[in-house]
Amino acid sequence: MRPVIPYVTAALLFGLGVYGVLRRRNAVLVLMAVELMLNAVNLILVTADTTAKAALPHGGQVFALFVIVLAAAEIGVGLAIVLQLYRLRASVAVDEVPLTEPPVPVPATTVVERPATTVGVDRPSAGSGVDGPEGER
Amino acid sequence: MTGADVLLLALGAVAVGAGVLVVATRHLVRAGLYLVVCLGALAGDYLVLTAELVAWVQVLIYVGAVVVLLLFAVMLTRAPIGASDDLDRPGWPAALIGGGAGLGLTVLLVDAFRWTRVELPAAGTAERLGEQVFRSWVLPFEVLSVLLLAALVGAIVLSRPDIGRRPDTASTDEGGRA
Amino acid sequence: MTGLLGAALPAVPLVAGLTGLLLPPSPKGATTGEDRARRAATVLGVAGAAGALLIAVLLLVRVGDPVETSTTWIDLGGLRVTLGVRLDGAAALVAVAVAAVALAVQVYSTAYLRRGPHDDVEVDHRYPPYAAQISLFTAAMLVVVVAGDLVMLLVGWEVMGLCSYLLIAHDRRLPEAPAAAMKAFLVTRVGDVGFLLGIALLGVSAGSFSIADVLAHDHSTGTLTAACLLLLAGVAGKSAQFPLHTWLPDAMAGPTPISALIHAATMVAAGVYAVTRLWPLFVATPAVLAVLGVLASVTLLLGAFAATAQDDLKRVLAWSTVSQLGYMTGALAVGAPAAALFHLLTHAAFKALLFLAAGAVIHAVGTTLMSRMGGLRRDMPVTFWCTVIGLGALAGVPPLSGFWSKDGVLAVAQAAALDGAGPAPAWVGWLVWLAGLLGVVVTAWYATRLLLRTFLGERRMPLLHPHDPPAAMRWPVLLLAVPAALLGLAGFTQFFAHRLFLPTAPAPGEQVLVHLGPALLLPTVLLLAGAALAWTGWRRNPAADPARALGPLRPVFTTAFRLDDVQQALVVHPTIDLAWVAQVGDEMVVAGVVKGVGRGTVGLGGVLAALHRAALPRAAAAVLAGALLVGLAAVLLIGGAP
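Protein chains in written order, with numbering that gives the first Met the number 0: chain A, 0 to 136; chain B, 0 to 177; chain C, 0 to 641.
Right, here's the structure in full:
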């Protein structure tokens with residue numbers, strides 16, 4: 000058995016996973032690409048069992064099992080988040096997810112100089128929090 | 000080239016090809032199905048590499064549960080049947096980084112192992128692996144179980160909007176969203 | 000015992016003043032003088048001044064020879080600051096004058112700061128702080144009088160500056176009052192800087208600030224000249240000598256009793272007194288005395304000529320003070336501190352009298368302009384006669400007090416000029432003597448003009464019904480008329496003369512304060528000439544101002560040779576410009592750098608924060624690219640897999 004074959008397979012799969020994570024816009028597809036990366040790692044772990052002689056036999060396979068369990072947990076939570084996102088915004092495009100804080104560098108200076116104006120700056124974001132996506136958190 | 004090598008090559012080609020389709024297809028549902036193919040091919044790889052238990056767990060959990068969950072998610076998010084045009088964003092950074100990672104790892108591994116040959120170890124049956132897990136790796140195993148519990152609770156809390164909210168805002172939000 | 004009395008002398012008005020400052024101002028709607036705060040302030044102010052007067056008289060009786068008591072206050076390495084009193088006859092006499100004038104002013108103010116017949120608004124609700132500030136002012140002057148240490152003297156000196164600022168600005172209804180107060184404060188402060196430096200120089204040179212030690216120490220000539228010149232700056236500031244005299248006429252914006260206090264007893268006397276206090280130092284420096292003589296002559300004539308053209312009653316008196324101060328410093332310049340102190344005392348009496356009488360006139364008429372007075376003699380006989388006495392003393396009519404003291408000054412100046420007597424060069428004597436003689440003519444002229452314009456002739460405001468002031472104002476005026484008339488005769492008594500002569504004065508044989516002789520004729524003739532000039536001018540046309548005889552010089556004299564404008568152009572404007580530059584530099588450069596650094600940092604932080612707040616795709620790309628780069632670096636640097 001030549002271990003270079005599964006190793007190269009795993010490396011290519013990992014690269015595909017990275018590509019997918021970065022390329023895909025749909026959150027579910029991103030999760031699938033993450034699965035590809037996880038499986039590539041699994042393949043490396045299992046193959047390593049054959050090439051590396053460890054003190055404990057089958058360590059790689061045990062770790063592969065652990066990773067599979069982790070992947071299951073990850074996919075559960077990840078899909079819950081994706082569904083929540085869909086419920087809030089009727090879309091699962093990850094680059095449309097708003098950041099919780101709009102970038103407002105101005106209040107930092109106004110806090111130092113004129114405390115009164117920070118109230119006016121803070122109020123809109125607090126108001127958007129009521130009906131915006133942040134309201135769920 | 001032994002038979003194992005041929006098998007590994009074939010299954011690897013199937014897995015990589017299916018992986019390419021997973022990240023390249025414009026059909027959401029098909030991406031899930033290609034993922035099944037890819038994961039199945041990998042399970043075959045595991046079998047060739049004498050990791051029996053891992054292969055069956057792969058089939059059970061990945062192909063059986065994870066992919067089904069993903070397909071549920073695809074359906075719950077009302078993904079269109081057929082090709083979608085808005086699945087991707089501009090791809091050159093992704094290609095650069097992904098290609099870099101994949102090819103870099105390939106070069107690294109090829110450089111490390113060349114065309115060497117190793118003997119396949121004893122089969123990773125459920126008995127051997129169970130012995131290892133419950134003897135040497137029992138502490139990580141227990142930690143993992145706690146992690147699973149946390150993930151379970153997290154998933155429930157995330158999918159139930161009425162948990163952990165103040166009563167006053169919950170009522171107005173329900174009304175506003177209905 | 001005497002030392003204790005000396006310490007109690009400033010302490011009594013000081014306590015009264017500090018207590019008075021705690022009193023609340025009278026309520027605005029209160030009936031005049033009926034509220035408790037005002038009564039308490041009156042009692043405190045009058046009692047403080049009366050107590051000081053009592054102690055001063057006691058001291059005058061007890062002190063014959065100099066008494067000095069002191070305890071060490073601070074010992075700064077090689078420098079010793081003492082806390083103590085140094086009493087001699089001159090100090091006791093000046094203290095009596097200060098306390099007497101202060102008492103008169105306090106009593107007078109109780110009536111003057113009521114709602115008068117011409118006041119449309121209540122003026123007296125700030126009487127309690129006013130009375131307390133007078134007490135403080137008195138206390139500060141008494142500190143200067145009795146101080147046995149230069150630092151103590153400086154403390155009193157500076158407190159006086161503060162009190163003059165507060166009191167000049169007392170009348171809020173006058174728009175010029177705050178500016179006048181600021182001017183008085185700043186101008187005297189300019190001199191005070193020199194005074195402080197001079198004291199520091201002397202103290203460092205002698206290793207002690209005690210006056211006795213400073214006088215006893217053998218200073219080097221250079222140090223002494225520099226120190227005395229610096230002290231002279233302070234003296235010029237406080238005593239309104241030539242370049243720094245501009246604040247005094249403007250200080251007329253203060254209430255009239257304050258003018259009396261400043262001109263007679265406290266501020267202006269302090270400078271002359273300080274010089275006599277340190278007289279041995281000045282004797283040793285003829286150059287400084289020459290400078291003083293030039294300043295004195297300029298001041299004397301400047302004040303006299305400026306007084307001729309003023310229409311404001313109080314400004315005439317103010318310029319006359321400047322002129323009389325010129326006599327005093329002139330006497331100092333020709334080496335006769337006793338004559339200077341004598342004139343200081345008589346001047347205190349008659350100038351206080353004049354100001355308080357002028358206050359009575361202003362109180363009755365409601366204006367300070369002489370062009371709106373006239374013919375007040377019939378309605379205000381008491382005030383008229385008191386003013387006659389005061390003006391006579393000012394002009395030097397025999398046998399009133401001013402005649403004797405002014406003659407004393409002229410006599411020593413003549414001696415210095417003709418015989419070369421005294422420490423100063425002979426030309427200084429000539430300068431002071433001639434200026435003094437010319438000053439006599441001018442003084443007689445403007446005194447006569449003042450009298451004629453104010454009290455004689457036709458009444459120029461027929462609607463008014465002027466009257467002599469109430470008792471509280473009448474009695475101080477009447478009582479001050481006594482020393483104004485008779486104090487000069489006291490110069491004949493040994494008791495008085497012996498005390499005025501400093502223990503360090505030259506030979507006891509020369510201790511003659513009053514000179515009787517043919518030399519008296521010259522000033523008298525000049526006096527009559529000046530008065531006659533004004534009289535004839537007035538006789539020709541009683542309704543017109545005798546000052547019109549000045550012709551084209553009149554506006555020049557009115558503006559006091561435009562020295563205010565010179566000061567404005569040479570000092571004030573450059574200072575303001577410099578302040579503007581400093582302000583702009585501070586706001587634009589210093590604050591700009593600080594604020595700019597702050598803004599720049601915050602802005603950069605905002606940029607970095609915006610960079611960090613990345614959405615998922617960019618964040619994932621960055622993380623993965625980073626991982627790839629790290630891996631690449633590891634491979635390239637460490638070199639492939641093992």
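A virtual CB, placed ideally from N, CA and C, is assigned to each residue, including glycine. Quantities reported herein were computed from a predicted structural model and do not represent experimental measurements.
- C/L277 places its beta carbon 9 angstroms or farther from that of C/S400.
- Among the CB atoms of chain C, one or more fall inside 9 angstroms of the CB of B/A100.
- Following the DSSP letters along the chain, one finds C/G83 inside the beta strand (DSSP E) bounded by residues L78 to L86.
- Under the three-state reduction of DSSP, B/I80 is assigned to coil, being neither helix nor strand.
- Of all residues in the region 614-637 of chain C, only A614, L615, P616, A619, A620 and L623 place a beta-carbon less than 7 angstroms from a beta-carbon of chain A.
- C/I167 and C/W426 have their C-alpha atoms roughly 39 angstroms apart.
- B/A40 is a Cβ neighbour of B/V13, given a cutoff of 9 angstroms.
- Per DSSP, reduced to three states, the secondary structure at B/E118 is coil, with no helix or strand assignment.
- Looking from the CA of B/A94, the closest CA among A/V20, A/I4 and A/A10 belongs to A/V20.
- B/D87 is bridged by DSSP to A/R23.
- Here C/L368 is bridged, per DSSP, to C/D311.
- For B/G103, the residues of chain C that pass the 8 angstroms Cβ criterion are L627, G630, L631 and V634, in the order they occur in the chain.
- Of all C-beta pairs linking the region 302-320 of chain C to the region 246-254 of chain C, three or more are shorter than 8 angstroms, placing the two stretches in contact.
- The continuous beta strand (DSSP E) containing C/L75 extends over residues V66 to L75.
- Judged by pairs of C-beta atoms under 8 angstroms, the region 295-308 of chain C does not touch the region 345-353 of chain C, as fewer than three such pairs exist.
- In terms of Cα proximity to C/L615, the closest of A/N25, A/M0, A/V45 and A/Q60 is A/N25.
- Residue nearest to B/L59 within the set A/L64, A/P56 and A/G59 is A/L64 (criterion: CA-CA distance).
- Beta-bridge annotation (DSSP): C/D148 is paired with C/S209.
- A/A92 carries a strand assignment under DSSP once its states are collapsed to helix, strand and coil.
- DSSP places C/R276 in the uninterrupted alpha helix (DSSP H) bounded by M266 to R276.
- In the structure shown, A/H57 falls within a coil segment according to DSSP collapsed to helix, strand and coil.
- Secondary structure at B/H26: strand, using DSSP grouped into helix, strand and coil.
- Judged by DSSP in its simplified three-state form, C/Q567 adopts helix.
- The beta carbon of B/Y33 lies closer than 6 angstroms to those of A17, L20 and V21 in the same chain, with the five residues before and after it left out.
- Put simply, the CB of B/E118 is near chain A, with a gap under 9 angstroms to one of its CB atoms.
- When DSSP states are grouped into helix, strand and coil, C/L455 belongs to the coil group.
- For C/V481, the closest alpha carbon among the candidates C/L75, C/I388 and C/Y126 is that of C/I388.
- Within chain C, the residues whose beta carbon sits less than 8 angstroms from that of A/L21 are P616, A619, A620 and L623, listed in sequence order.
- With a beta-carbon spacing of about 12 angstroms, A/L44 and B/D44 fall beyond the 8 angstroms limit used to define contacts.
- Contacts with chain B at 9 angstroms (Cβ-Cβ) include A/P2.
- Look at the region 390-424 of chain C and you find these whole runs of alpha helix (DSSP H), each 4 residues long or longer: 400-418.
- For B/M74, the uninterrupted alpha helix (DSSP H) segment begins and ends at V66 to L75.
- Here the region 224-234 of chain C makes no contact with the region 98-108 of chain C; the two share fewer than three CB pairs at distances below 8 angstroms.
- Taking a 10 Å sphere around the C-beta of A/K52, we find fewer than 16 other C-beta atoms and assign the residue as exposed.
- Secondary structure at C/R561: coil, using DSSP grouped into helix, strand and coil.
- Within 10 angstroms of the beta-carbon of C/S219 lie fewer than 16 other beta-carbons, which makes it exposed.
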